[in-house]
Every structure is written in C-alpha cells, then in structure tokens.
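Have a look at the structure below, then the notes.
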Amino acid sequence: MLTAIGHQVFAGLDFVGDQMLILVRCLAYIVRGRIGLRRTIQQMAIAGADSLPIVAITLLFVGMAWGWHTAEYMVRFGATSYFGGGTAIAIARELGPALCGVVVAARVGSAFAAELGTMTVTEQVDALRALAVNPVYFLVVPRLIACIIMLPILTVVADASGLIGAFMLATYVGVSPGEYLSSIQQWLTGQDVYGGIAKTLVFGLIIALVGCRQGLRATRGAAGVGRATISAVVLSIVLIYATNLFLTAAIFR
Amino acid sequence: MTFMNATEPLPIQLQGLSYMVDGTAILEDVDLTVHPGEIVGIMGRSGTGKTTLLRLIMGLVAPTGGRVLVRGVDITGLDEPELDRLREHMGMVFQGAALFDSMTVFENVAFALVEHRRLPAREIEGRVREMLDMVDMAGAEHLMPAQLSGGMRKRVGVARALALSPSIMLYDEATAGLDPISAVSLDDLLVRLRQQVGVTSMVVSHNVESLRRVCDRAAVLHRGRFLAVGPIPELETSADPAIEQFLSGSPEGPLTEGPDR
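Residue numbers (my numbering), protein chains in the order written: chain A, 1 to 253; chain B, 1001 to 1261.
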C-alpha cells in the first residue's frame, strides 16, 4: 500500500520535474532565437488553423444549449436585458477558453503524443540525437510556440461562435436581437475578453508540454504509443480544468 | 597495425564499461581500445548487449559504470549540447535504419547537412546525390521510407549517417537484411572509407563472412562480456570452445548452455 502510494508520488514528481526540464530547455532555445521557423509555421497550421472548424462547431453548440436554457428563464422573469451580457461574460471568461483548451488538447495534444511516441519507439528520436540534433529543439520548441500563439487566436473564434450560437437560440425563444447586442455592449468588459484569452496562453503551454513529454517517454511499441496518447489527453484536460480554476481566481477577482 | 598514428587521439576507448537495467547487467566491465582507421567487428548472439554497446558509445544512454572516451574525451559527464558537438564527428546506422518516416529519402540524407552546415541548396543536392551513389541508391531521392525495402532503408541510413563525413562510424547489423550483392558492396564501402578518409568503424554483425572481409579485429560478446578480442584468423585458431562455437555457428556448445538471458 505504502509503496504503491510512494510509486504514485514518485511518478507525479517525475512528471512535474520532466515538464520543468523540457520547459527550461525550450526557453533556452527560444531566447537564443533557435526556434526553427519553418517547422513552427507548419505546426501553427496543423495545431491552429486546422483546429478552427472543430473549435467553432463545439462552441456554436455549447452557445446554443446555453442560450436555450438561460434565455427561456430570462424571458419568463422579464430579465432579457441581462441575457446578452451574462452570456458574453460566461463565454469570454470561462466557456470559450476552457472548452477551446479541451478541444485542442483532444485533437492536437493527442497528435503530438502519437507522433512523438511513434518516433521514439521506432528509434527516430535516437536517430535525431545521433545526428547531433536535439529532440527538444527539433520537435518540442515548434509545437510549444505554435500552441501558445494559436490557442488565443482559436479562443477569439471560440468566443465569437459561442455568442453566435447563443444568439440563434435566444432570439428563437424570445430575446430581441437588439436587446442581445446592447446587453453585451453594456456588460462585457475588455478585461473579461483579454483575461479569458490570457488563460489560454497557459493552456497552450500545457497541451504542448504534456503531449510532447508523454510522446518522448513512450515505451514498447504500438501499445506504448497508445498509452502515451491516452495519458497525454487525460493529463492535459485535467490540468487545463485545474489551472483554469486558479487562473480564474487570479484574473477575475 | 600500419594505420596507427601517435598524434591522433584514440577514436574510441571503453574502460570498465558497465550497463545495468533494473538490476540486470547488460554489459559488464568491458574494455576496448579502437585505433584511428581501424575497423572492429562486434560479434555475439542476439541479446548479448551489442546494440547497447553502440548506444553507449554514441552517448544515447549513460553507462552505470566505467567510462567511454570518444576522440580522447570522456563522454560520461557531458551534457547533450556537448555530446552533440562530438556526434557531429560520428555516424550511426541503426538496426532498423530509423529513417525519418515523414521525410523523403533526399530529406533524410540532407538532414544533418541542413541542420549543421550553412550550404547553398545546390551543394547540398550534390552531396546527397554523392552519398546515395555511394550506397547504390541513386534515383531514390523522392521516395518515402515506407516505399523502400528493408535493405534499401538500411542503405539510405548509411548515406544519412555519412553525410557530415564523420570520422567514426557505428554500424548496427549493417549487412543484415541486405541482399548478398549489396552486403558485399557495403563491406567495400567500409574499407574504402577507411582507405580514403581514414574513417574508424565499429560493426555489429552476425555475419562472420562479412566481418572476415572488413575487420582488422573482432570482439566476441557473450553475456555482457568480451570473450576475446583479436584478428579473426587468430580467433579462429582459438582453443576457447565458446569462440569456436560462435565462429562455426554450431548449436551445441558453451554459448548455448546455462540459463537464457
């Protein structure tokens, strides 16, 4: 029992230590300007641009579901002038950033872990090292930068499609379009939007680091790559929700 | 050995080298000195630590005991950037070739040149063509690794490792999976590289014939230890029944006795 707990604690420390080590190495490359621009742009396309549809669709449906429930109550209580503002604040602060992070973790974090995991178990990572190219520089740095740049941009899209989804269903149940927009203008502040977007910088960091680390630590063939991919998605989603709580507390006091 | 040169640092020295995984010794107290331009074969049954030996020399794994000296530098205490500077002088051919499967043959061979040398595109192209010619793979530039047979991949792996003109080459099962003609031409390449540019090589192989053709000396590795190191003709006259068994490929003898590892 005790040794089992000890194992878990050790694995946890090992995980955190590894992440810190990889992050420090990445930063060392980045401050020296060694980022591999072409690879970074490639990753920005894969991680960012290609994620646009799924992020937009996810938030559109979430916005619709939210709009339906909330607007119905607001209409019933005659509080429709609060609906747009309340919706916008919820989406900008929480729903947009967190769900965008989770969707990208599932789509991109898994791909990082699978790709780097396959490279690790087929000795391609060792081949990189044998050719005197550091895997952190070659594989992790471009993905880290791509995620940190693209997640805020995706979040803007997420926020917008969430608001559109809410708008569609709210007007259907009886909130007037003019009221919706003026309510947003009245209640939503820049801090809500920028604060929400700022959180996703951290989510991008988590997705890239966890995905890459789990991939680079993959062992023993196809099953190992599968395990790496699962753990990358699970760990990054849990970490995103957990850090979201702390970031919310810190930013929106 | 006529190719010995007193002023050059020794390319590879292993001193009391040990490597353990989870309490199991893969290599135990291995000593070996490889001289400049020498071609040393490593023989042994599967699972005796041959690949691990090459990985230790390349610094891909750290030994649990003893020292590895490459070009006179003890690599056991070096960090990755320092190791990378040494690795630019070394080439390794992996057992499964380990080509980058998202890149074409051309990109694989050009990889180290693009990453380490600021060369105009035309020069890189020329160099890649030269390397591919050398391993009889000219014309395969635009193929993906998945389109190649195992033996072809291996030859591209050799071309990729040679691109930076390393002075030390490590071959893991270089000729395994190659057709007999390619195998002989790879043997010739090894010898030619030594004659023309003095490349030092270590060759892990099961193929005694091939080793006899190229090696100055060979080491027989068994259960993590060297049974013998010396020129193959000398090993062949050895009275040690284990060495005799390995060279003759007999299933009966001391190598196949005792618990399996």
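Built from N, CA and C at the ideal position, the CB exists for glycine as well.
Assuming contact is defined by CB atoms lying nearer than 9 angstroms, are Val55(A) and Ser161(A) in contact in what I supplied?
Cβ distance < 9 angstroms, so Val55(A) and Ser161(A) count as in contact.
For Gly1066(B), collect the residues of the same chain with a Cβ closer than 6 angstroms to its Cβ; drop the 5 residues on either side in sequence, then sort them by chain order.
Cβ within range, chain order: Gln1015, Gly1016, Leu1017 and Ser1018.
Which stretch, first to last residue, makes up the beta strand (DSSP E) that contains Leu1027(B)?
First-last of the beta strand (DSSP E) with Leu1027(B): Thr1024 to Val1034.
How long is the line joining the alpha carbons of Thr1024(B) and Leu1227(B), rounded to whole angstroms?
For Thr1024(B) and Leu1227(B), the distance between alpha carbons rounds to 19 angstroms.
Secondary structure at His1222(B), three-state DSSP: helix, strand or coil?
It is a strand residue.
State yes or no: is the beta carbon of Ile1026(B) nearer than 9 angstroms to at least one beta carbon in chain A?
False, the Cβ-Cβ gap to chain A never drops below 9 angstroms.
Mind checking the region 113-137 of chain A against chain B and listing, in chain order, the residues whose C-beta falls within less than 7 angstroms of any C-beta there?
Within the region 113-137 of chain A, the residues whose Cβ lies closer than 7 angstroms to some Cβ of chain B are Thr122, Glu123, Gln124, Asp126, Ala127, Arg129, Ala130, Leu131, Ala132, Val133 and Asn134, listed in chain order.
How is Met1137(B) classed by DSSP in three states: helix, strand or coil?
Reduced to three states, the DSSP call for Met1137(B) is coil.
Check distances from the C-beta atoms of the region 1114-1143 of chain B to those of chain A and list, in chain order, the residues that come in under 8 angstroms.
Going along the region 1114-1143 of chain B in chain order, one finds Glu1115 and His1116 with a Cβ nearer than 8 angstroms to chain A.
When you compare the CB of Arg1160(B) with every CB in chain A, is at least one pair closer than 9 angstroms?
Cβ-Cβ to chain A under 9 angstroms: yes for Arg1160(B).
For Thr200(A), which option in Ile230(A), Gln8(A) and Val156(A) has the closest C-alpha, if you only look at C-alpha atoms?
The shortest Cα separation from Thr200(A) among Ile230(A), Gln8(A) and Val156(A) belongs to Val156(A).
Taking the continuous beta strand (DSSP E) assigned at Met1144(B), which residues delimit it?
Looking at the DSSP string, Met1144(B) is not in any beta strand (DSSP E), and its letter there is neither H nor E.
Using C-beta distances below 7 angstroms, list every residue in its chain close to Gly109(A), excluding the 5 sequence neighbours before and after it, in chain order.
Cβ neighbours of Gly109(A) beyond the five flanking positions: Ile207, Val210, Gly211, Ala232, Val233 and Ser236.
Per DSSP, what are the beta-bridge partners of Gly1091(B) in this structure?
Answer is Met1169(B).
Relative to the C-alpha of Gly117(A), which candidate in His7(A), Arg217(A), Leu245(A) and Gln8(A) has its C-alpha closest?
Among His7(A), Arg217(A), Leu245(A) and Gln8(A), the Cα nearest to that of Gly117(A) is on Arg217(A).
Can you pull the chain A neighbours of Asp1084(B), defined as C-beta to C-beta under 7 angstroms?
Ordered by position in chain A, the residues that pass the 7 angstroms Cβ test against Asp1084(B) are Ala132 and Asn134.
Would you verify that the beta carbon of Glu1173(B) is, or is not, closer than 9 angstroms to some beta carbon of chain A?
It does not; no Cβ of chain A falls within 9 angstroms.
Taking Lys1154(B) as the reference, give the member of Ala1239(B), Ser1182(B) and Ala1097(B) with the closest Cα.
Answer by Cα proximity: Ala1097(B).
Helix, strand or coil for Thr1200(B)? Go by DSSP, reduced to three states.
In the structure shown, Thr1200(B) sits in a strand (DSSP, three-state: E or B).
Flag Gln1245(B) as yes if its beta-carbon sits less than 9 angstroms from any beta-carbon of chain A, otherwise no.
No, because no Cβ of chain A sits closer than 9 angstroms to the Cβ of Gln1245(B).
Less than 7 angstroms between C-beta atoms, sequence neighbours within five positions excluded: which residues of the same chain meet that for Val1109(B)?
Result list for Val1109(B): Val1128, Met1131, Leu1132, Val1156, Ala1159, Arg1160 and Ala1163, in chain order.
Quick check on DSSP: helix, strand or coil for Arg1045(B)?
Coil at Arg1045(B), not helix or strand.
Let me see if you follow: with CB-CB separation under 9 angstroms, is Gly1151(B) close to chain A or not?
No - not a single Cβ of chain A is within 9 angstroms of the one on Gly1151(B).
Below 9 angstroms on C-beta distance, what does Ala1112(B) contact in chain A?
Those are Leu131, Ala132 and Val133, listed as they occur along chain A.
Under 7 angstroms, CB to CB, which of the residues in the region 1053-1066 of chain B have a partner in chain A?
Result list: Met1058 and Leu1060.
Any Cβ of chain A within less than 9 angstroms of the Cβ of Glu1088(B)?
With 9 angstroms as the cut-off, Glu1088(B) counts as an interface residue toward chain A.
Among residues of its own chain, excluding the 5 on either side of Ala1112(B), which ones have a beta-carbon nearer than 6 angstroms to its beta-carbon?
Same-chain partners within the cutoff: Ala1163 and Leu1164.
Which runs of the alpha helix (DSSP H) fall wholly inside the region 36-111 of chain A and span at least 4 residues, in chain order?
List check, alpha helix (DSSP H) in window: 37-43, 52-76, 80-90 and 96-104.
Give the DSSP-derived three-state secondary structure of Asp1179(B) in the structure shown.
Correct three-state label for Asp1179(B): coil.
Between Leu154(A), Phe15(A), Glu72(A) and Leu59(A), which has its C-alpha nearest Asp50(A)'s C-alpha?
Cα-wise, what sits closest to Asp50(A) is Leu154(A).
Keeping to the same chain, check which residues put their C-beta closer than 7 angstroms to that of Ser1238(B); ignore five residues upstream and five downstream.
Taken in chain order, the residues that qualify are Ala1228 and Glu1244.
Along the beta strand (DSSP E) that carries Ser1018(B), what are the first and last residues, could you check?
Per DSSP, Ser1018(B) belongs to the beta strand (DSSP E) from Ile1012 to Val1021.
Could you tell me whether any Cβ in chain A is nearer than 9 angstroms to the Cβ of Gly1096(B)?
At least one chain A Cβ lies under 9 angstroms of Gly1096(B).
Does the distance from the CB of Ala114(A) to the CB of Thr229(A) come in under 9 angstroms?
Yes; because the gap between Cβ atoms is below 9 angstroms, this pair is in contact.
Quick check on Met1202(B) - is its C-beta less than 9 angstroms from some C-beta in chain A?
Not an interface residue.
If you drop the 5 nearest sequence neighbours on each side, which residues of the same chain put their C-beta closer than 8 angstroms to that of Asp1179(B)?
Excluding sequence neighbours, Asp1179(B) sits near Gly1151.
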